[in-house]
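Here is the structure we will look at, set down as structure tokens.
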Amino acid sequence: KAGVTQTPRYLIKTRGQQVTLSCSPISGHRSVSWYQQTPGQGLQFLFEYFSETQRNKGNFPGRFSGRQFSNSRSEMNVSTLELGDSALYLCASSSGRGATYEQYFGPGTRLTVT
Amino acid sequence: GNSVTQMEGPVTLSEEAFLTINCTYTATGYPSLFWYVQYPGEGLQLLLKATKADDKGSNKGFEATYRKETTSFHLEKGSVQVSDSAVYFCALTFFGNEKLTFGTGTRLTIIP
């Protein structure tokens with residue numbers, strides 16, 4: 012069974028640009044969550060999607076948005092990039108919602124903003 | 088709000104040494120607790136979990152016991168290997184909530 016895949020793996024953007032990251036969950040998984048990992052702030056929850064609906068959102072500005080498609084694939088978008096958005100963005104999928112369902116993480120997309 | 092506190096790293100041990108990585112949490116209610124491991128260049132992998140007080144999670148020789156009275160979930164392994172070198176994250180969540188709250192991570196290096 013293929014794992015969670017994230018594309019692209021590495022990305023370099025300039026301040027002010029926007030970026031879209033993609034996450035393909037494990038087949039059959041309907042829940043997708045996104046996390047930002049930085050050396051200063053650690054791992055922080057961005058949002059979660061289940062059945063194409065955002066179910067939970069972390070404390071991030073409106074520049075961060077996401078969506079989920081009918082095949083459960085998810086994208087997150089960051090507009091008007093800032094230097095502080097440089098991070099590893101991790102996506103996780105699970106077959107259901109709640110702590111009893113294991114979340115499987117992808118390898119991440121490393122975004123560098125210059 | 089909910090939070091997780093892990094011991095500061097990095098931690099360097101010799102092969103076959105005993106490992107303890109401390110984790111305590113602050114939360115309203117009774118969360119589920121997790122240990123995740125991140126190997127270089129990879130995403131996180133679930134190592135073990137416990138969903139209620141006094142539960143012991145175990146996997147690959149690692150163990151952690153959910154202690155409600157001390158709000159702790161310390162990770163232990165009796166004899167570490169070089170292949171255990173990684174970053175370890177303690178995390179919590181609540182039933183019905185997908186959001187994981189992570190600790191800052193502890194980098195573990197095992198030297199032969």
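Residue numbers (my numbering), protein chains in the order written: chain E, 12 to 125; chain P, 88 to 199.
We put the beta carbon where it would ideally sit given N, CA and C, even for glycine.
The model shown is predicted, which means the values in this text are computed figures rather than measured ones.
So, under 8 Å CB-CB, residue i and residue j are touching, yes? Tell me the CB distance rounded to an integer number of Å.
| i | j | result |
| --- | --- | --- |
| Leu54 of chain E | Tyr46 of chain E | 5 Å |
| Ala178 of chain P | Val124 of chain P | Contact doesn't hold; Cβ gap of about 11 Å is too wide. |
| Asn88 of chain E | Thr31 of chain E | 5 Å |
| Ser90 of chain E | Leu122 of chain E | So it is not a contact: roughly 13 Å between Cβ atoms. |
| Ala151 of chain P | Leu162 of chain P | 5 Å |
| Lys186 of chain P | Phe80 of chain E | The pair is not a contact, with the Cβ atoms about 22 Å apart (cut-off 8 Å). |
| Val167 of chain P | Ile197 of chain P | 5 Å |
| Tyr126 of chain P | Phe160 of chain P | Not a contact, Cβ separation roughly 21 Å. |
| Thr120 of chain E | Gln17 of chain E | 5 Å |
| Gly96 of chain P | Thr180 of chain P | Wrong, their Cβ atoms sit about 23 Å apart, outside the cutoff. |
Using only the alpha-carbon positions, how far apart do residue i and residue j sit?
| i | j | result |
| --- | --- | --- |
| Thr115 of chain P | Pro199 of chain P | 42 Å |
| Thr25 of chain E | Ser106 of chain E | 36 Å |
| Ser44 of chain E | Thr107 of chain P | 30 Å |
| Phe58 of chain E | Tyr115 of chain E | 15 Å |
| Pro72 of chain E | Leu99 of chain E | 17 Å |
| Asn184 of chain P | Gly144 of chain P | 20 Å |
| Pro19 of chain E | Ser170 of chain P | 28 Å |
| Gly51 of chain E | Asp141 of chain P | 33 Å |
| Leu100 of chain P | Gly27 of chain E | 44 Å |
| Leu120 of chain P | Glu93 of chain E | 33 Å |
| Ser62 of chain E | Ser42 of chain E | 7 Å |
| Phe75 of chain E | Asn82 of chain E | 22 Å |
| Ser172 of chain P | Leu195 of chain P | 5 Å |
| Phe189 of chain P | Gln48 of chain E | 10 Å |
| Gly39 of chain E | Val15 of chain E | 11 Å |
| Lys155 of chain P | Cys110 of chain P | 12 Å |
Could you check what DSSP says for residue i in three-state terms: helix, strand or coil?
| i | result |
| --- | --- |
| Gly73 of chain E | coil |
| Gln55 of chain E | strand |
| Thr125 of chain E | coil |
| Arg66 of chain E | strand |
| Phe105 of chain P | coil |
| Arg41 of chain E | coil |
| Gln28 of chain E | coil |
Residue i touches chain P at which residues, Cβ-Cβ below 8 Å?
| i | result |
| --- | --- |
| Gly117 of chain E | Gly130 |
| Gln114 of chain E | Leu133, Glu185, Leu187 |
| Arg84 of chain E | Per Cβ cutoff of 8 Å: no residues; Arg84 of chain E is ~17 Å from chain P at best. |
| Leu101 of chain E | Gly130, Leu131 |
Give me the chain E residues within the contact set of residue i, using Cβ-Cβ distance strictly less than 7 Å, ordered along the chain.
| i | result |
| --- | --- |
| Thr191 of chain P | Gly53 |
Note down, in chain order, every chain E residue with its Cβ under 9 Å from the Cβ of residue i.
| i | result |
| --- | --- |
| Phe176 of chain P | Gly53, Leu54 |
What does residue i touch in chain P if you count any residue whose Cβ is under 7 Å from its own?
| i | result |
| --- | --- |
| Glu93 of chain E | Correct list: empty, because the minimum Cβ distance to chain P is about 22 Å. |
| Glu63 of chain E | Result: empty, since nearest Cβ-Cβ is about 15 Å, beyond 7 Å. |
| Ser42 of chain E | Glu185 |
Give the interface partners of residue i over in chain P, defined as CB-CB distance under 9 Å, in chain order.
| i | result |
| --- | --- |
| Asn67 of chain E | Asn184, Glu185, Lys186 |
*Pick out the complete beta strand (DSSP E) segments inside the segment 91-118 of chain E, 3 residues or longer, and give them in chain order.*
98-105
*Which ranges would you report for the alpha helix (DSSP H) in the segment 109-187 of chain P if only whole runs of at least 4 residues count?*
none
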